[in-house]
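Asker:
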Amino acid sequence: MATHKIAVIGLGKITQDQHLPVIDKSDSFELAAVVSTRGLSHGGVPSYRTPAELYAARPDIGIVAVNTPPEVRHGLAREALLAGKDVLLEKPPAATLTELADLEATAAAKGRVLFATWHSRFNPAVEAARELLAAGVRSVKIEWREDVRKWHPGQDWVWAPGGFGVFDPGINALSIFTRILPFVPFVRTADLTYPANRQTPIAAQLVFGSTDPAAPALTADFDWREQGDEKWHMTIETADGRPARLFKGGCALSVGGTVVTEAPSEEYERIYAHFADLLAARRSDVDGAPLRLVADAMLVGKRVGTDAFEW
């Protein structure tokens, strides 16, 4: 397979922790440049302050990964598509549903590949859970709780409008949820807890409905105030009454207390492998279902106040 030259826009924590190490060891991609407003670089490749500078200097680079905070992602991705680039989007793919629809339409009009990544889906246990629930489900209880100080240290953008708050990690659970269910879930109620000094929620409790006549019980508990180990799991009861648990962020699945699938967390390796396949097929992969659930929760949610949050 040919090696694709790729540029990465945004050198924040997720890029440094995940994207760059995976690209460095990939047989399908070669890091050719980066764009960093702070002037950061990696591996000695050229660094540009803006995408426009990159596109002018390196027309040979036809692929970009946009890994910035979501509120500016649409403009950067649209600029790249209009410049004739294929685009990989870190999650969430955009700050709003309309922005995502615009990117999808722009990619189609320009004949470019657009890949909206949902990294938590890229685990074998998620597909095993999808197969397990294909015949139906009685209940799913999501618990996605972590410490914001550990996972977003000092990152004030997560608290600003468009920053998603606790839905930044919570949307990972929703990306799995919408993948494994054999029907479409709807947000029925949402209690959203906001710190007194912040614009996005620190916690959220959701209740879902569906068109499934069996009316399964579907809930989610997201919280950024968890102390100690993270809780990234789903407790499941299948249609035939078997208990199951999808845990370790989607890396492991147990049925009846026995682990049936478990694999190392290699989500980003699989993301880039899938992106290479999409590029070969000249096909986009854009699923807005997880983002729609977040938007729906914000539309129907009840605001609950809590103490101010300080780093």
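Residues in the sequence shown are numbered from 0 upward in steps of one, following numbering that gives the first Met the number 0.
Where a beta carbon is used, it is the ideal one built from N, C-alpha and C, also for glycine.
The model shown is predicted, which means the values in this text are computed figures rather than measured ones.
What three-state label does DSSP hand threonine 257 in the structure shown?
Answerer: Strand, per DSSP.
Asker: State buried or exposed for glutamate 89, treating a residue as buried only when at least 16 other CB atoms are found within 10 Å of its CB.
Answerer: Buried: at least 16 other Cβ atoms inside 10 Å.
Asker: What number of angstroms, rounded off, separates the C-alpha of alanine 104 from the C-alpha of glycine 255?
Answerer: C-alpha separation (whole angstroms): 44 Å.
Asker: When you compare each of Ile8, Lys24, Ser40 and Gly74 to asparagine 66 by their alpha carbons, which one comes out closest?
Answerer: Selected option, being the one with the closest Cα: Ile8.
Asker: Kindly indicate which three-state DSSP category alanine 288 falls into: helix, strand or coil?
Answerer: Residue state, collapsed to three classes: helix.
Asker: Would you give the residue range spanned by the beta strand (DSSP E) that serine 174 belongs to?
Answerer: Not the beta strand (DSSP E): serine 174 falls in the alpha helix (DSSP H), residues 166-179.
Asker: Leucine 180 and leucine 131 look like a contact to me (Cβ under 8 Å); what is the Cβ gap, rounded to whole Å?
Answerer: Incorrect: roughly 11 Å between the Cβ atoms, too far for contact.
Asker: Which value, in whole angstroms, describes the spacing of the CA atoms of proline 91 and aspartate 295?
Answerer: Spanning the two alpha carbons is a distance of roughly 15 Å.
Asker: Quick one: measure Cβ to Cβ for tyrosine 300 and alanine 189, integer angstroms, because I've assumed they're closer than 8 Å.
Answerer: Tyrosine is not the amino acid found at residue 300; the sequence shown has glycine there. Contact holds; Cβ gap of about 4 Å.
Asker: Got a sec? Which residues, its chain only, sit under 6 Å from alanine 134 by beta carbon, not counting five neighbours each side?
Answerer: Result list for alanine 134: Ala238, in chain order.
Asker: By Cβ distance, which residues of its chain are closer than 6 Å to arginine 57, with the 5 residues on each side in sequence left out?
Answerer: Excluding positions up to five away in sequence, the list reads Ala32.
Asker: Under 8 Å, do valine 157 and proline 200 count as touching if we go by C-beta distance?
Answerer: It is not a contact, given that the beta carbons lie outside the stated cut-off.
Asker: Under the three-state reduction of DSSP, which class applies to proline 92: helix, strand or coil?
Answerer: It is coil, neither helix nor strand.
Asker: Residues in its own chain within less than 7 Å of glutamate 78 by CB, not counting five upstream and five downstream?
Answerer: Around glutamate 78: Pro50.
Asker: Hey, would you say tryptophan 143 sits closer than 8 Å to glycine 169, going by beta carbons?
Answerer: Cβ distance < 8 Å, so tryptophan 143 and glycine 169 count as in contact.
Asker: Pull up the CB-CB distance for threonine 210 and valine 183, whole angstroms please, since I reckon it's below 8 Å.
Answerer: Confirmed, about 7 Å.
Asker: Mind checking which residues open and close the alpha helix (DSSP H) that includes arginine 302?
Answerer: Arginine 302 -> not in any alpha helix (DSSP H); beta strand (DSSP E) instead, spanning 301-305.
Asker: Under a three-way DSSP split, which group does isoleucine 141 fall into?
Answerer: Three-state DSSP puts isoleucine 141 in a strand.
Asker: What's the call for alanine 216, buried or exposed, on a 16-neighbour Cβ count within 10 Å?
Answerer: The residue is exposed, with fewer than 16 neighbouring Cβ atoms inside 10 Å.
Asker: Would you call the CB atoms of leucine 252 and valine 112 closer than 8 Å?
Answerer: The answer is no: Cβ separation not under 8 Å.
Asker: Smallest Cα separation from serine 35: which of Gln15, Pro20, Val21 and Ile22?
Answerer: Considering only alpha carbons, the answer is Gln15.
Asker: May I ask you to report which of helix, strand or coil DSSP gives glutamate 268?
Answerer: Glutamate 268: helix per DSSP, three-state reduction.
Asker: When the distance is taken between beta carbons, is arginine 224 closer than 8 Å to alanine 202?
Answerer: In contact: alanine 202 and arginine 224 (Cβ atoms closer than 8 Å).
Asker: Nearest CA to the CA of lysine 149: which residue from Ser119, Pro69, Lys12 and Gly61?
Answerer: If we check each option's Cα against that of lysine 149, Lys12 comes out closest.
Asker: Spatial neighbours of leucine 290 within its chain, please: CB distance less than 8 Å, with the 5 preceding and 5 following residues excluded, ordered by chain position.
Answerer: So the list reads Pro91, Pro92, Ala93, Leu96, Leu99 and Ile170, once near-sequence residues are dropped.
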